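Here is the structure we will look at, set down as structure tokens.
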Amino acid sequence: MIADLNILGLALGVIGTQELVWHQANGRRQNDQGQWITLYEPPKPVSGSLQAVDRTRYQALGLDLARRYCLFYGTVPLKGTERGESPDLLDFAGRRHEVVNDLDWIAQAGWQGVLVVDTGPVP
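In our numbering, the protein residues as written are 107 to 229.
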């Protein structure tokens, strides 16, 4: 932690948290048709803050205007899209969100911020 100050903990104490379900990607394998299928750990509950990204910022961030994005702040090590790997997933309020990119402050401050995109209803 940076100077023993948990900034995320202070913020969540003020704004509150939401409960989400985390699907941690755990590699890929090919199915019988030769398609790559992502493997996931069993779903785990996580808490943190899920906040909508203001649509006026989409262009500056290079985001697709046809999609919906949020920022999630929490204390679990979520992974975004990386070359040859699948991203983690978060479910909230009946919607599935795919981790697009992560800002990993876990080692330094005990928290992480991730950009997620809404991919539709939870299957």
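Glycine included, every Cβ here is placed at the ideal spot set by N, Cα and C.
Since this is a predicted model, take the numbers as computed values, not measurements.
In the three-state scheme derived from DSSP, where H, G and I count as helix and E and B as strand, GLN157 is classed as strand. Following the DSSP letters along the chain, one finds GLN124 inside the beta strand (DSSP E) bounded by residues 124-129. Bounds of the beta strand (DSSP E) holding LEU221 are 217-227. Rounded to the nearest whole angstrom, the CA to CA distance from VAL159 to CYS176 is 5 Å.
Judged by DSSP in its simplified three-state form, ARG173 adopts coil rather than helix or strand. Between GLN141 and PHE198, the C-beta gap is not smaller than 8 Å, which leaves the two residues out of contact. DSSP places THR181 outside both helix and strand once states are collapsed to three, so it counts as coil. Judged by their CB atoms, HIS129 and ASP194 are nearer to each other than the 8 Å cut-off. In this model, ARG161 and PRO149 are separated by some 30 Å (Cα to Cα). ASP197: member of the beta strand (DSSP E) spanning 195-198, first to last residue.
With respect to the C-alpha of VAL182, the residue from GLY154, LEU221, LEU145 and LEU171 having the closest C-alpha is GLY154. Here LEU167 is exposed, its C-beta having fewer than 16 other C-beta atoms within 10 Å.
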